[in-house]
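Enquirer: Going from the sequence shown to the working numbering is simple: count from 1 and add 46.
Yeah, the Cβ is synthetic: ideal placement off N, Cα and C, and Gly gets one too.
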Amino acid sequence: MDSKSNPTFYVDKIPVYGDVILSPMTGYSDVPYRAICREYGSAMHYTEFVPVEALGGKPDPDNKFWKRLDQQPEESPMVFQIFGNDPKLIVEVAQKIEALEPDIIDINMGCSTRRVSGRGAGVGMMKSPELIGETFRLLNQYLSVPVTGKIRLGWDENKNYVEVGRMLEESGAKLVAMHGRTKEQKYNGFADWDAIAELKQAVSIPVIGNGDVVEPEDIDRMIEYTGVDAVMIGRGAIGNPWIFSRRSRGDLTFGELIQTIRIHLREMINYHGPFGLIQFRKHFKKYVQNVGPIEQLMAEFMQADSADAFKDALDRCEAQVDINQTIGRLEIELEQFEDCETVL
Ligand SMILES: Cc1cc2nc3c(=O)[nH]c(=O)nc-3n(C[C@H](O)[C@H](O)[C@H](O)COP(=O)(O)O)c2cc1C
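Here it is as structure tokens:
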């Protein structure tokens, strides 16, 4: 199918062209990284999540939380993701940020971090399906943009994703994305794709499946196995934007890898200023993970204290490798992140 001219699915009336989407990830899915992933084919663009309590005042471009709602004109469909535990405040803030013209507003009901879930926000909301229903009914009543939700399987082994999915649909949600683990699992074990398939069967709104997609073939495997409308990729996309074009990192040449690193670094500095270099380091570690000849130079990169010093290190690196040689098969390691913990 030509995903450029035929939408793969719709979120209410908003067309989505493509079936693979970069996950919202605090500390990673910022404007520069979203732009790179979009180049390779990520079909929808989520901001990092923002606590509604932080958006109480007027929009302030110097405030790190308001800054998360920056968007580029090419990012459509653009999804602003927020979280909270008070339906009225969620709606108030959603109305306010609607003025910044996102295409969609998403409520995070999946974050398992204690600071979020412990106060009934993030996956903490899944303990109260009624509260979810109330929140979405209000959102639907007061907003013009479609509202969507991102969930997990539930809080613990009493998984209630089918109940919550149906509640979301009945209360006006226009899409549900699900990470196939419970709150208690955090990132342990494997994402449950059977559960994702069950949710897809249980609702008629579009479903995005999420969890443990690391290689291009996993994208089609998840779609075939679960029937979802699209696949969302988080950890497997860090340092690996090529996955959105269904290309394996191991098939790249050293030259291509280094070129993307250069572009990403440049965009991070352009967008974040000098702080962009520090922000870039965690991406860089993933770009070169298990890429022997480059990873060996890691210490040199990590000591670079300016963008120029970093670029010099890249030049030296480029001179030492055969830029036309492919990287070769790589071990992919998914980190056991403390979910959404960064930069709260
Ligand atoms: C560092 C990090 C930050 C995250 N931040 C968010 C977030 O802001 N909003 C959200 O809905 N999920 C967040 N997540 C969860 C991911 O979107 C995704 O659901 C999860 O990582 C599972 O997908 P994966 O196996 O492809 O990584 C975060 C995950 C990681 C690793």
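#1: Drop a sphere of 10 angstroms on the beta-carbon of E263, count the other beta-carbons inside from all chains shown, and report buried for 16 or more, exposed for fewer.
#2: For G301, would you say it is in contact with chain C, using Cβ-to-Cβ distances shorter than 8 angstroms as the test?
#3: Going by beta carbon distance, what residues of the same chain come within less than 8 angstroms of M344, once the five residues before and after it are set aside?
#4: With I265 as the anchor, note down where its alpha helix (DSSP H) starts and where it stops.
#5: Determine the contact status of L246 and T272, defining contact as a CB-CB distance below 8 angstroms.
#6: Taking the alpha-carbon of V98 as reference, which of D152, M71, M172 and Q118 has the nearest alpha-carbon?
#7: Given this structure, state the Cα-to-Cα distance separating L185 from V137, to the nearest angstrom.
#8: Would you kindly report the start and end of the unbroken beta strand (DSSP E) that includes T194?
#9: Where are the alpha helix (DSSP H) runs, 4 residues long or more, that stay fully inside the segment 79 to 130, in chain order?
#10: Could you check the C-alpha separation between T72 and G301 for me, to the nearest Å?
#11: Run through DSSP, which three-state label would V389 get?
#12: Over the uninterrupted alpha helix (DSSP H) stretch that includes D275, give me the two end residues.
#13: Skipping 5 residues on each side, what residues in its chain have a beta carbon closer than 6 angstroms to that of Y56?
#14: Could you work out which residue in V66, V169, T54 and I60 is closest to G423 when comparing CA atoms only?
#15: When you measure from the CB of H329 to every non-hydrogen atom of ligand 1, does any distance come out below 7 angstroms?
#16: If I measure Cβ to Cβ from G130 and keep anything under 6 angstroms in the same chain, skipping five residues before and after, which residues do I get?
#17: Does DSSP put D152 in a helix, a strand or coil?
#18: Which residue marks the beginning of the alpha helix (DSSP H) containing M348, and which one marks its end?
#19: Classify Q366: buried if its beta carbon has 16 or more other beta carbons within 10 angstroms, exposed otherwise.
#20: Tell me whether R375 is buried or exposed, calling it buried when 16 or more other Cβ atoms sit within 10 Å of its Cβ.
#21: Since I251 contacts K220 with CB under 8 angstroms, what's their CB separation in whole angstroms?
#22: Can you give the beta carbon distance from Y63 to S291, rounded, assuming they're within the 8 angstroms contact cut?
#23: Which class does L68 belong to by DSSP, given the choice of helix, strand or coil?
#24: Among residues of its own chain, excluding the 5 on either side of S163, which ones have a beta-carbon nearer than 7 angstroms to its beta-carbon?
#25: Comparing C-alpha positions only, which one of W288, A353 and E364 sits nearest to H318?
#26: How would you write the range of the alpha helix (DSSP H) that F356 sits in, first residue to last?
Expert: Quick answer:
#1: Counting every other CB atom within 10 Å of its CB across the protein chains shown gives E263 a total below 16, marking it as exposed.
#2: The chain labelled as chain C is not found in the depicted structure, where only one protein chain is given.
#3: Within the same chain, M344 has close Cβ partners K331 and V334.
#4: P262 to T272
#5: Rather than Leu, the amino acid found at residue 246 in this sequence is Lys. Taking 8 angstroms as the Cβ cut-off, K246 and T272 qualify as a contacting pair.
#6: D152
#7: 6 angstroms
#8: V193 to I197
#9: When DSSP assignments are scanned along the segment 79 to 130, the uninterrupted stretches of alpha helix (DSSP H) that are 4 or more residues long and fall wholly within it turn out to be 110 to 113.
#10: 29 angstroms
#11: Note that V389 scores a pLDDT of 47, beneath 50, so its modelled location is shaky; the value from the coordinates is reported in the next line. Secondary structure at V389: coil, using DSSP grouped into helix, strand and coil.
#12: Where D275 is concerned, there is no enclosing alpha helix (DSSP H), given that its DSSP letter is neither H nor E.
#13: none
#14: Past the boundaries of the shown model lies residue 423; the chain is included only from 47 to 390, so the question cannot be answered.
#15: no
#16: V98, I136 and A167
#17: strand
#18: M344 to Q349
#19: exposed
#20: It counts as exposed.
#21: 6 angstroms
#22: Wrong, their Cβ atoms sit about 14 angstroms apart, outside the cutoff.
#23: strand
#24: C157, V169, G170 and K229
#25: A353
#26: In this chain, the alpha helix (DSSP H) harbouring F356 covers A353 to Q366.
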